[in-house]
Amino acid sequence: MGLEFIHLMGEIMGKLINLLAAATVALSFTMCTSNSEIPVESNWELEYIYSEGNATEPPQDHNATLAFLKDSKIAGETGCNRFFGEYKSEGNSLSFDKVGTTRMMCPQMQFETAWLETIAKTGSFEMDQDQMILKDSTGNIIALLKKIAPQALEN
C-alpha cells in the first residue's frame, strides 16, 4: 500500500504542477497589455503545449518552431519535419490554413502530431514582449512560445 500511495501522490503532484504552470502563464498575460498584431518576420520556439490540464514540453533536442513570414505565410519545424502554410490575423484572432509538411518518419511522431494539431486548433493569440500564447476558439490556452533569433530556425 505504501508504494501505491507514493505513486498516486506523485501523479497528483505532477498534475498540480502542470495546472499551476498554466495558471501562472494565464495570470501573467492577463496582467499585461497585449499587442494585437502578429510581428511579420518573427520566429518563435515552442515551450509548452497545453492539453486537458497538462503542459507538455517538446522532447529534448526537438526544435519545434513557428515563423511568421511576409505575405501571411508561415514556416516552422515540428522537431522532425518542416511545415509551411498561411495565417490570417485580425486583432487578436489568429488562424492557420493550407498547412503542409515534409513526411519523414521520426521517433517522436506523437509530439509532432500534437504540435500540428495545436496549430490547427488556434483561434487567437496574446503576446507580451518575447512570449506568445496561442488559444483555441473558446479561449483556452493551448501553447506557449518564446521569441527566438532568426538564425535559431536554421538547424
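Per this note's numbering, the very first residue in the sequence shown carries number 1; after that it's consecutive. Don't be surprised by glycine CBs; every beta carbon is placed ideally from N, CA and C.
**Item:** Which of helix, strand or coil DSSP assigns to residue 141
**Value:** Within the sequence shown, the letter at position 141 stands for residue 141. Here residue 141 sits in strand by DSSP.
**Asked** Considering only residues of the stretch 32–118, which uninterrupted alpha helix (DSSP H) runs meet the minimum length of 4 residues and lie entirely inside it, listed in chain order?
**Response** none
**Prompt:** When you compare each of 68, 56, 94, 91 to residue 83 by their alpha carbons, which one comes out closest?
**Reply:** If you number the sequence shown from 1, residue 83 lands on position 83. When only C-alpha atoms are compared, the closest one is 68.
**Residue environment, residue 149, which counts as buried when at least 16 other CB atoms sit within 10 Å** = Here residue 149 is taken as the residue at index 149 of the sequence shown, counted from 1. Label assigned to residue 149: exposed.
**Request:** Tell me, please, which residues DSSP counts as bridged to residue 128.
**Result:** Numbered from 1 along the sequence shown, position 128 holds the residue referred to as residue 128. Bridge partners of residue 128: 131.
**Prompt:** Which one or two residues does DSSP pair with residue 146 in a beta bridge?
**Reply:** Taking the first residue of the sequence shown as 1, we reach residue 146 at position 146. DSSP output for residue 146 lists 45, 131 as bridge partner(s).
**Message:** Given this structure, state the Cα-to-Cα distance separating residue 79 from residue 109, to the nearest angstrom.
**Reply:** As a first step, residue 79 is located in the sequence shown; it is residue number 79 there, counting from the start. As a first step, residue 109 is located in the sequence shown; it is residue number 109 there, counting from the start. Roughly 9 Å separates the two Cα atoms.
**Message:** According to DSSP, simplified to helix, strand and coil, what is residue 136?
**Reply:** By 1-based counting over the sequence shown, the position of residue 136 is 136. Coil at residue 136, not helix or strand.
**Asked** Exposed or buried, which one is residue 127 when buried takes at least 16 other CB atoms within 10 Å?
**Response** In the sequence shown, counting from the first residue as 1, residue 127 sits at position 127. The residue is buried, with at least 16 neighbouring Cβ atoms inside 10 Å.
**Message:** Assuming contact is defined by CB atoms lying nearer than 8 Å, are residue 122 and residue 142 in contact in what I supplied?
**Reply:** Reading the sequence shown from its first residue, position 122 is the one you call residue 122. Reading the sequence shown from its first residue, position 142 is the one you call residue 142. It is a contact, given that the beta carbons lie within the stated cut-off.
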